[in-house]
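Engineer: I am attaching a structure below and will ask some questions about it afterwards.
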Amino acid sequence: MYLWPQILEIPVLDASTAAIKKPVGILHVNVVRAHKLLKKDLLGASDPYVKLSLTGETLSSKKTTVKKKTLNPEWNENFKLIVKEPESQVLELQVYDWDKVGGHDRLGLQLVPLKQLTAYETKEFTLDLLKDTSIRDYQEKKKRGKLEVEMTFIPFKENSLKYINGPLDAYGKAESVIDRASDDGSHGGAGLLTVFVQSAEDVEGRNHNNPYAAVLFRGERKKTKTMRRTRNPLWNEEFQFMLEEPPLNEKIHVEVLSKRGLISFLSKESLGLVEINLRDVVDNGRINEKYHLINSKNGKIHVEIRWTTV
Numbered sequence: 001m002y003l004w005p006q007i008l009e010i011p012v013l014d015a016s017t018a019a020i021k022k023p024v025g026i027l028h029v030n031v032v033r034a035h036k037l038l039k040k041d042l043l044g045a046s047d048p049y050v051k052l053s054l055t056g057e058t059l060s061s062k063k064t065t066v067k068k069k070t071l072n073p074e075w076n077e078n079f080k081l082i083v084k085e086p087e088s089q090v091l092e093l094q095v096y097d098w099d100k101v102g103g104h105d106r107l108g109l110q111l112v113p114l115k116q117l118t119a120y121e122t123k124e125f126t127l128d129l130l131k132d133t134s135i136r137d138y139q140e141k142k143k144r145g146k147l148e149v150e151m152t153f154i155p156f157k158e159n160s161l162k163y164i165n166g167p168l169d170a171y172g173k174a175e176s177v178i179d180r181a182s183d184d185g186s187h188g189g190a191g192l193l194t195v196f197v198q199s200a201e202d203v204e205g206r207n208h209n210n211p212y213a214a215v216l217f218r219g220e221r222k223k224t225k226t227m228r229r230t231r232n233p234l235w236n237e238e239f240q241f242m243l244e245e246p247p248l249n250e251k252i253h254v255e256v257l258s259k260r261g262l263i264s265f266l267s268k269e270s271l272g273l274v275e276i277n278l279r280d281v282v283d284n285g286r287i288n289e290k291y292h293l294i295n296s297k298n299g300k301i302h303v304e305i306r307w308t309t310v
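Numbering-wise, the sequence shown is residues 1 to 310 according to UniProt numbering.
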């Protein structure tokens, strides 16, 4: 097992900088178990769970299940996180004691720089949990237990990355591409579907014009922020779906809606929608188009979609 060093330099990565970076791979994390955690309950136990996040990311953190009344929880739970800067990003692991009433107490934390990893190789870590990341805390005598995790960084394929950063032709498709599947006779396996909702034009509601866009794919719904009093909203928001297989025969549903306010009987109405066939995205790596909205007189929405394989 790999033992964590006593001194750790933590690179600072600004979230605004990470937001403009393109994904370069996926981090697979298996949260295995913890040993000898702090006692938080009166009966000498805790209800621990682990929260995982990458520095420089605005995406919500991921969590394990809660293990009841134990100081030695076993999880063996797997997670995938999108990596943009493997040389500077850090995986933050925080162990909490779940509480039905009030805030959850943090039992300890640790940080793992991704530069410690070698691509495609699974590395095991046994981490000494700390109170915080200050230098003083490394000298703290109070034991907070250990956390075992396994980590693997899987970069995206090189021929897939060029479609993320390459130019588009007049039809909004990646240039110099006949069919990516021809490289190996298949469309590949797992990958990342990225939906970039840029803007809309001439969207008009019957009662109000406070538009936002909702993206629905495989039962998962994501939405942009709401723009107030405009028919031409500019969102520039990105949503990501990690998939085990390419979405060859699937569609993604994008709808523009308007929301009046927090308290209203007419709080929401549809301003138009579109369903986008993802076959072209898989074949060409990226599409970038304006779509006429169904059930809208003149409304259009500008959406870019990318498919990146691992």
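Idealized CB from N, CA, C, for every residue including glycine.
Hey, residue 202 and residue 300 are a contact pair by Cβ (cut 8 Å); roughly how many whole angstroms apart?
Structural biologist: Translated into the one-based positions of the sequence shown, residue 202 becomes position 202. Translated into the one-based positions of the sequence shown, residue 300 becomes position 300. Contact holds; Cβ gap of about 7 Å.
Engineer: Which residues does DSSP pair with residue 274 in a beta bridge?
Structural biologist: Within the sequence shown, the letter at position 274 stands for residue 274. Paired residues: 254.
Engineer: How about residue 305 and residue 287: are their beta carbons less than 7 Å apart?
Structural biologist: Along the sequence shown, one-based indexing puts residue 305 at 305. Along the sequence shown, one-based indexing puts residue 287 at 287. A contact, by the Cβ cut-off of 7 Å.
Engineer: Could I get the ranges of all uninterrupted alpha helix (DSSP H) runs contained in the UniProt domain "C2" (4 to 127), with 4 residues as the minimum, in chain order?
Structural biologist: Entirely contained in the UniProt domain "C2" (4 to 127), the alpha helix (DSSP H) runs reaching 4 residues are, in chain order, 15 to 19.
Engineer: State buried or exposed for residue 285, treating a residue as buried only when at least 16 other CB atoms are found within 10 Å of its CB.
Structural biologist: Numbered from 1 along the sequence shown, position 285 holds the residue referred to as residue 285. Per the 10 Å Cβ criterion, buried.
Engineer: Compute the distance between the beta-carbons of residue 98 and residue 50, then report whether it is under 7 Å.
Structural biologist: Position 98 of the sequence shown, counting from 1, holds the residue named residue 98. Position 50 of the sequence shown, counting from 1, holds the residue named residue 50. Contact flag unset, no.
Engineer: For a quick check, are the C-beta atoms of residue 282 and residue 254 less than 7 Å apart?
Structural biologist: Here residue 282 corresponds to residue number 282 of the sequence shown, with the count starting at 1. Here residue 254 corresponds to residue number 254 of the sequence shown, with the count starting at 1. The answer is no: Cβ separation not under 7 Å.
Engineer: Using three-state DSSP, classify residue 281 as helix, strand or coil.
Structural biologist: Numbered from its first residue, the sequence shown carries residue 281 at position 281. Correct three-state label for residue 281: helix.
Engineer: Would you kindly work out how many angstroms separate the C-alpha atoms of residue 58 and residue 237, rounded to a whole number?
Structural biologist: Along the sequence shown, one-based indexing puts residue 58 at 58. Along the sequence shown, one-based indexing puts residue 237 at 237. Residue 58 and residue 237: Cα-Cα distance of roughly 12 Å.
Engineer: Figure out for me which residue from 44, 52, 192 and 132 has the closest Cα to the Cα of residue 91.
Structural biologist: Taking the first residue of the sequence shown as position 1, residue 91 is located at position 91. Here the closest residue by C-alpha is 52.
Engineer: Alpha carbons only, please: which of 232, 229, 195 and 207 is nearest the one belonging to residue 220?
Structural biologist: In the sequence shown, residue 220 corresponds to position 220, counting from 1. Residue 195 is the option with its Cα nearest to residue 220.
Engineer: Just grab the DSSP bridge partners of residue 191 for me.
Structural biologist: The residue you call residue 191 lines up with position 191 of the sequence shown. Residue 191 pairs with 243 and 309.
Engineer: What would DSSP say about residue 269, mapped onto helix, strand or coil?
Structural biologist: Residue 269 sits at position 269 when you count from the first residue of the sequence shown. Strand.
Engineer: In whole angstroms, what is the alpha-carbon distance linking residue 132 and residue 43?
Structural biologist: Taking the sequence shown and counting its residues from 1, the one referred to as residue 132 is at position 132. Taking the sequence shown and counting its residues from 1, the one referred to as residue 43 is at position 43. Distance between the alpha carbons of residue 132 and residue 43 is about 26 Å.
Engineer: Taking buried to mean at least 16 other C-beta atoms within 10 Å of its own C-beta, is residue 234 buried or exposed?
Structural biologist: On the sequence shown, residue 234 is found 234 positions in, with the first residue counted as 1. With fewer than 16 Cβ atoms within 10 Å of its Cβ, residue 234 is classed as exposed.
Engineer: Take residue 302 and list the residues in its own chain whose beta-carbon comes closer than 6 Å to its own, dropping the five residues that flank it on each side.
Structural biologist: Position 302 of the sequence shown, counted from the first residue, corresponds to residue 302. Within the same chain, residue 302 has close Cβ partners 198, 199 and 290.
Engineer: Under the three-state reduction of DSSP, which class applies to residue 237: helix, strand or coil?
Structural biologist: What you label residue 237 is simply residue 237 of the sequence shown in a count that begins at 1. If DSSP states are grouped into helix, strand and coil, residue 237 belongs with the strands.
Engineer: Which whole-angstrom value is the C-beta distance of residue 100 and residue 71, which I expect to be below 8 Å?
Structural biologist: In the sequence shown, residue 100 corresponds to position 100, counting from 1. In the sequence shown, residue 71 corresponds to position 71, counting from 1. Going by Cβ atoms, the distance from residue 100 to residue 71 rounds to 19 Å, so no, they are not a contact pair.
Engineer: DSSP beta-bridge partners for residue 208?
Structural biologist: Residue 208 sits at position 208 when you count from the first residue of the sequence shown. Per DSSP, none; premise fails for residue 208.
Engineer: Give the range of the beta strand (DSSP E) segment to which residue 131 is assigned.
Structural biologist: Taking the sequence shown and counting its residues from 1, one reaches residue 131 at position 131. No beta strand (DSSP E) holds residue 131; DSSP gives it neither H nor E.
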